[in-house]
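Visitor: Supplied in structure tokens, the structure appears directly below.
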Ligand code: HEM
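Residue numbers (full-length UniProt numbering): 1 to 157.
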């Protein structure tokens, strides 16, 4: 008479005692917390500042603004650009710009450093940037003003 064997037990069992209350979610939360600490912009979805930053004020100078945040301000009514790692709110300047508003709007929410440089702006124009300053990129996102790095000769202090 044929005997029916029960199938072998293939479940993976650890020879070591495993703490049952450890779940994957805790590890995910831990990883996210660590990432949020070292590079918050890679974890959190940027949201717009609730209060408007007044351009050119001392408070604006110390503000750190990420590229992700800048990218949310890309309309004629709310237009930020990045020039040499600094962020400028040029919304109120669009109508005044001697080179026209359309050319600046092409860079709304984006980096305009090479466009600004290659348009042959005068020293006066470079100085005028201060009026619109609202912040600076975090060190990790900078290209032009890195400590110890070689500086372009014509970028403002
Ligand atoms: C906040 C940023 C900017 C400021 C304060 C600014 C300021 C000025 C000023 C004062 C002039 C008159 C000429 C001079 O003094 O150099 C000018 C001209 C001009 N700008 Fe800008 N500019 C800005 C951004 C840009 C950007 C992003 C572009 C993009 C390409 C641009 C393109 C031009 C051009 C083509 C002219 C020459 C206009 C002409 O001679 O007919 N500007 N800008």
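Beta carbons are placed, not taken as given, at the ideal position from N, Cα and C, and that holds for glycine.
Small disclaimer: the values here were computed from a predicted structure and weren't measured.
Taking the runs of the beta strand (DSSP E) that are 3 residues or longer, which of them lie wholly in the stretch 72-136?
Guide: Listed in chain order, the complete beta strand (DSSP E) runs (minimum 3 residues) inside the stretch 72-136 are 78-83, 86-89, 133-136.
Visitor: If you draw a straight line from the C-alpha of residue 68 to the C-alpha of residue 108, how long is it?
Guide: Their backbone Cα atoms lie some 13 Å apart in a straight line.
Visitor: Near residue 129, which residues of its chain fall below 7 Å by C-beta distance, leaving aside the five closest residues on each side in sequence?
Guide: Result list for residue 129: 83, 88, 156, in chain order.
Visitor: Under 8 Å between the Cβ atoms of residue 104 and residue 123?
Guide: In this structure, residue 123 does not lie closer than 8 Å to residue 104 by Cβ.
Visitor: Under the DSSP definition of a beta bridge, which residues are partnered with residue 64?
Guide: DSSP lists 136 as partners of residue 64.
Visitor: Considering only heavy atoms of the ligand HEM, does any lie closer than 7 Å to the CB of residue 71?
Guide: Not under cutoff, so the answer is no.
Visitor: Going by the beta-carbon positions, is the gap between residue 137 and residue 60 smaller than 8 Å?
Guide: Their beta carbons are not under 8 Å apart, which means residue 137 does not touch residue 60 by this criterion.
Visitor: Rounded C-beta distance between residue 99 and residue 119? I'm assuming under 8 Å.
Guide: About 7 Å separates the two Cβ atoms, so the contact holds.
Visitor: What do you reckon, is the C-beta of residue 81 under 7 Å from a heavy atom of the ligand HEM?
Guide: Yes, the beta carbon of residue 81 sits closer than 7 Å to at least one heavy atom of the ligand HEM.
Visitor: Which term fits residue 150, buried or exposed, when burial requires 16 or more other beta carbons within 10 angstroms of its beta carbon?
Guide: Exposed, by the Cβ-count rule.
Visitor: Considering only residues of the same chain and omitting the five flanking positions on each side of residue 97, which have a CB-CB separation below 7 Å?
Guide: Excluding sequence neighbours, residue 97 sits near 104.
Visitor: Suppose you measure from the CA of residue 110 to the CA of residue 54; what does that come to, to the nearest Å?
Guide: Cα-Cα distance, rounded: 20 Å.
Visitor: Any heavy atom of the ligand HEM closer than 7 Å to the Cβ of residue 99?
Guide: Residue 99: yes, Cβ under 7 Å from the ligand HEM.
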